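Student: Pasting in a structure now, in structure tokens, and then I'll have a few things to ask.
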Amino acid sequence: MYTGINLIAGGRADVHSEQAAYANAVAAGDDDVATSVAVMYEDDDASKPMQVEPACGVCREFFYTFAPEVDIIFPRDNELEKAPLSALLPVKQ
Numbered sequence: 722m723y724t725g726i727n728l729i730a731g732g733r734a735d736v737h738s739e740q741a742a743y744a745n746a747v748a749a750g751d752d753d754v755a756t757s758v759a760v761m762y763e764d765d766d767a768s769k770p771m772q773v774e775p776a777c778g779v780c781r782e783f784f785y786t787f788a789p790e791v792d793i794i795f796p797r798d799n800e801l802e803k804a805p806l807s808a809l810l811p812v813k814q
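For the sequence shown, the working numbering gives the first residue as 722, with consecutive numbering after it.
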């Protein structure tokens, strides 16, 4: 498992946690990432529970370029689902 954090610089210089985690995987010699999930603390407060966040469009495009076979875990109707990236970017097929 590889982790990453958001680095908010403002605009195009932002680094999303999924991108940072993938970079950590590649730096460790592992570019075959099978699954991605983004989590955050509710209201950015570490005393509150973590919640799963859906991958944004930027991260989906990032994975399309670097790990097109990745599965994404995301919330739907108070449950967690896992889907291949191709199902989340159907226009790219």
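For each residue, glycine too, the CB sits at the ideal point set by N, CA and C.
Bear in mind the structure is a predicted one, so any value in this text is a computation, not a measurement.
1) Do you know whose CA, among G732, I726 and D766, lies nearest Y743's CA?
2) Provide the residue span of the beta strand (DSSP E) that contains L801, from first to last.
3) Would P796 and P775 qualify as a contact pair, given that the criterion is a beta-carbon distance under 8 Å?
4) Give a yes or no on contact between the region 798 to 805 and the region 762 to 771, applying the rule of three or more CB pairs nearer than 8 Å.
5) Look at the alpha carbon of P805 and the alpha carbon of Q772, and state the distance between them as a whole number of angstroms.
6) Could you tell me the boundaries of the beta strand (DSSP E) in which E815 lies?
7) Could you check how far apart the C-beta atoms of V754 and V779 are, in whole angstroms? I think they sit under 8 Å.
8) The alpha helix (DSSP H) with A739 in it runs from where to where?
9) For L728, which residues of its own chain have a beta-carbon under 6 Å away from its beta-carbon, when the five flanking residues on both sides are left out?
Tutor: Reading it off the structure:
1) Taking the sequence shown and counting its residues from 1, one reaches residue 743 at position 22. Checked all of G732, I726 and D766; the closest Cα to Y743 is I726.
2) Here residue 801 is taken as the residue at index 80 of the sequence shown, counted from 1. Here the beta strand (DSSP E) through L801 covers E800 to P805.
3) Here the question's residue 796 lines up with position 75 in the sequence shown. Here the question's residue 775 lines up with position 54 in the sequence shown. Yes. Within cutoff.
4) no
5) Taking the sequence shown and counting its residues from 1, the one referred to as residue 805 is at position 84. Taking the sequence shown and counting its residues from 1, the one referred to as residue 772 is at position 51. Answer to the nearest angstrom: the Cα atoms are 20 Å apart.
6) In the structure as shown, the chain starts at 722 and stops at 814, and residue 815 therefore has no counterpart that could be examined.
7) Position 33 of the sequence shown, counted from the start, is the residue given in the question as residue 754. Position 58 of the sequence shown, counted from the start, is the residue given in the question as residue 779. Not a contact, Cβ separation roughly 17 Å.
8) As a working note, residue 739 is residue 18 in the sequence shown. It should be noted that the sequence gives Glu, not Ala, for residue 739. E739 -> alpha helix (DSSP H) spans S738 to A748.
9) If you number the sequence shown from 1, residue 728 lands on position 7. In its chain, beyond the 5 residues on either side, V736 have a beta carbon closer than 6 Å to the beta carbon of L728.
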